Each structure stands twice: as C-alpha cells, then as structure tokens.
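Just so we're aligned, residue 4 is where the sequence shown starts under this note's numbering, counting upward by one. In what follows, a structure is listed as structure tokens, so that the remarks can point back to it.
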Amino acid sequence: MLASLTVNSQVLIGPVAGPQISWTEFNDKDLRSDFNTSPVFRYHAGFSVSYRAYKRFYLTTSLLYSKKGKVIESDIDSKLKNKVVYNHIDMPIIYTAQFKGSLKGNRGFKYYVGGGPNVSYWLSGKGTIASTDIVEGGVSNIPYTVVFRKPFDEVSQNEMNITEPNRIQIGINIVAGIVLQPLGFNEINIMLRYERGHSFLGNTNGVFPAATDYTDVLASRNSGIRLSVSYMIDLKIDQRKKGKSTINKKKL
Numbered sequence: 004m005l006a007s008l009t010v011n012s013q014v015l016i017g018p019v020a021g022p023q024i025s026w027t028e029f030n031d032k033d034l035r036s037d038f039n040t041s042p043v044f045r046y047h048a049g050f051s052v053s054y055r056a057y058k059r060f061y062l063t064t065s066l067l068y069s070k071k072g073k074v075i076e077s078d079i080d081s082k083l084k085n086k087v088v089y090n091h092i093d094m095p096i097i098y099t100a101q102f103k104g105s106l107k108g109n110r111g112f113k114y115y116v117g118g119g120p121n122v123s124y125w126l127s128g129k130g131t132i133a134s135t136d137i138v139e140g141g142v143s144n145i146p147y148t149v150v151f152r153k154p155f156d157e158v159s160q161n162e163m164n165i166t167e168p169n170r171i172q173i174g175i176n177i178v179a180g181i182v183l184q185p186l187g188f189n190e191i192n193i194m195l196r197y198e199r200g201h202s203f204l205g206n207t208n209g210v211f212p213a214a215t216d217y218t219d220v221l222a223s224r225n226s227g228i229r230l231s232v233s234y235m236i237d238l239k240i241d242q243r244k245k246g247k248s249t250i251n252k253k254k255l
C-alpha cells in the first residue's frame with residue numbers, strides 16, 4: 004500500500020518516542036472529593052506513518068508502547084495509597100493542518116494543529132497498595148499485578164483481579180507541533196499531544212484478596228499529556244530523483 008501511495012502523495016515513516024504524564028479521572032463526583040489522584044511520569048515509544056492527504060493536510064497514525072498510571076490517596080483512610088503503572092498499546096489517528104513559519108536567517112520550519120481519535124489496548128499493570136488494614140497487618144504495602152477475568156479462588160495475594168475490564172479503550176487527541184527539515188527530505192517532528200479518555204477502565208472494581216477493604220474504582224478514564232519526537236523518512240522516491248539525469252539501458 005505504501006509503495007502505491009508514494010507515486011502520488013508524500014508518505015513519511017519513522018521511529019517516535021518521548022516522555023508522558025498520565026492520570027485517571029473518576030466519573031463519580033463524590034469519588035473526586037473522597038480520593039486525591041496524582042499523575043505518573045513514564046514514556047512511550049514506537050513508530051509513525053504520516054500521509055499527506057491534500058496540500059497542507061496530513062493524516063498521521065502511530066503504533067506505540069505506552070506506560071500510563073495513577074496514584075490514588077484517600078481523605079478517609081490516611082494510610083491508603085494505590086500506585087499503579089499500566090502497559091498499553093496505543094494507536095492515535097491524527098488529522099493535522101500544516102503552516103509555514105520562519106526563523107532568523109530565513110531558516111524555515113512548519114507548525115501544525117489537529118486532532119483525532121485514540122485507540123488503546125490494555126496489556127497489563129503492576130502496582131503497590133497500602134491501607135490501614137495492611138499496615139496493621141505488619142507490612143507497609145503489598146506489591147500486586149493486574150490480572151483479568153481470573154476465577155476468584157485462583158487469585159493470589161499479590162494480584163488485583165478485574166472481572167469486567169475494558170481492555171480496548173477509546174479517547175480523543177488534540178495536538179500541536181513543529182516540523183524541522185535538517186536533512187533535505189527527512190523531517191524531525193516534535194508533537195505535543197493531549198489525550199482525553201472516553202472509555203472506562205472497567206465495568207467492575209478491581210478486587211484485592213489481600214487484607215484490605217479497598218477496591219480499585221475503575222469507573223474512571225485515562226488521560227494525559229505526551230511529548231513525542233520522531234525522525235521521519237520521506238518515502239517519495241520520485242521527488243528525490245528530480246533534477247537527476249537518467250540513462251536508458253538496452254536489454255542484452
């Protein structure tokens with residue numbers, strides 16, 4: 004498909020990576036007042052493909068390994084602290100409009116704005132849970148692994164079980180960024196992306212077999228801010244050959 008697109012339109016492909024800050028937002032207003040949520044700093048990495056649909060308009064999609072998470076503390080239980088990092092595969096699909104800019108010395112660059120949907124698949128997660136019940140049991144916190152749809156009698160003390168997870172999650176992206184061309188046809192793309200989750204993490208709460216009454220409320224959404232840097236290689240071979248002479252060789 005990419006080979007056929009290069010004949011008529013610009014196609015760029017390349018690696019992408021960067022830091023990100025993520026958090027979750029409760030759907031229930033009462034929970035927002037009972038619990039304090041803090042963001043988690045992690046990263047994402049993968050590759051991107053960008054296709055010029057028409058003049059200044061581009062369609063860009065990426066396949067990313069992304070680490071998201073949350074820190075939750077309670078106003079009711081002063082010892083409660085749930086810190087967890089989730090692993091996701093993200094596919095943002097972004098439609099942007101590019102504009103030309105210039106710096107001192109007539110050095111040109113492009114900047115853009117846009118938006119589009121985000122599709123995410125929840126792979127796994129690991130965290131630590133602390134509460135008054137756990138502290139009274141003689142330990143400061145218990146490490147745990149997120150598991151999905153596991154029979155209750157098979158869940159270990161170091162697992163949090165989610166019986167009805169939403170492993171495929173949908174959200175929306177709003178982006179802005181700049182494009183630099185230091186090496187002719189190749190580009191460095193710097194993108195700032197705000198991701199707003201739409202789907203809940205789960206239809207049921209996460210349950211801990213450990214000695215605590217706390218359950219992880221999953222009627223909440225992932226959101227975050229991502230800073231991505233990508234090195235994009237132009238696949239349009241015909242543009243690279245403009246101005247070069249060609250020699251027709253006879254078949255032997």
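We treat Cβ as the ideally placed atom computed from N, Cα and C, and that holds for glycine. Every value quoted in this text rests on a predicted model; they were computed, and no experiment measured them.
Under the 8 Å Cβ criterion, the segment 147–154 does not count as touching the segment 175–191, having fewer than three qualifying pairs. DSSP, read as helix, strand or coil, puts residue 14 in strand. Rounded to whole angstroms, residue 208 and residue 22 show a C-alpha spacing of 29 Å. Ranked by Cα distance from residue 42, the options 236, 229, 235 and 62 are led by 229.
Taking the Cα of residue 167 as reference, the smallest distance to any Cα among 140, 125, 143 and 191 is reached at 125.
Between residue 215 and residue 97, the CB-CB gap reaches or exceeds 8 Å. The straight-line gap separating the alpha-carbon atoms of residue 140 and residue 131 is approximately 15 Å.
Its Cα nearest to that of residue 93, the residue 121 stands out among 100, 121, 189 and 85. Counting every other CB atom within 10 Å of its CB across the protein chains shown gives residue 237 a total of 16 or more, marking it as buried. With a beta-carbon spacing of about 6 Å, residue 220 and residue 34 fall inside the 8 Å limit used to define contacts. A check of alpha carbon separations from residue 201 across 192, 174 and 227 identifies 174 as the nearest. By the beta-carbon neighbour count (other beta carbons within 10 angstroms, threshold 16), residue 67 is buried.
Counting along the chain, no beta strand (DSSP E) covers residue 139; the unbroken alpha helix (DSSP H) around it starts and ends at 135–139. Per DSSP, reduced to three states, the secondary structure at residue 76 is strand. For residue 185, same chain residues with a beta-carbon under 8 Å away, outside a window of 5 residues either side, are 191 in chain order. Excluding its 5 nearest sequence neighbours in each direction, residue 38 has C-beta neighbours in its own chain below 6 Å: 75 and 77, listed in chain order.
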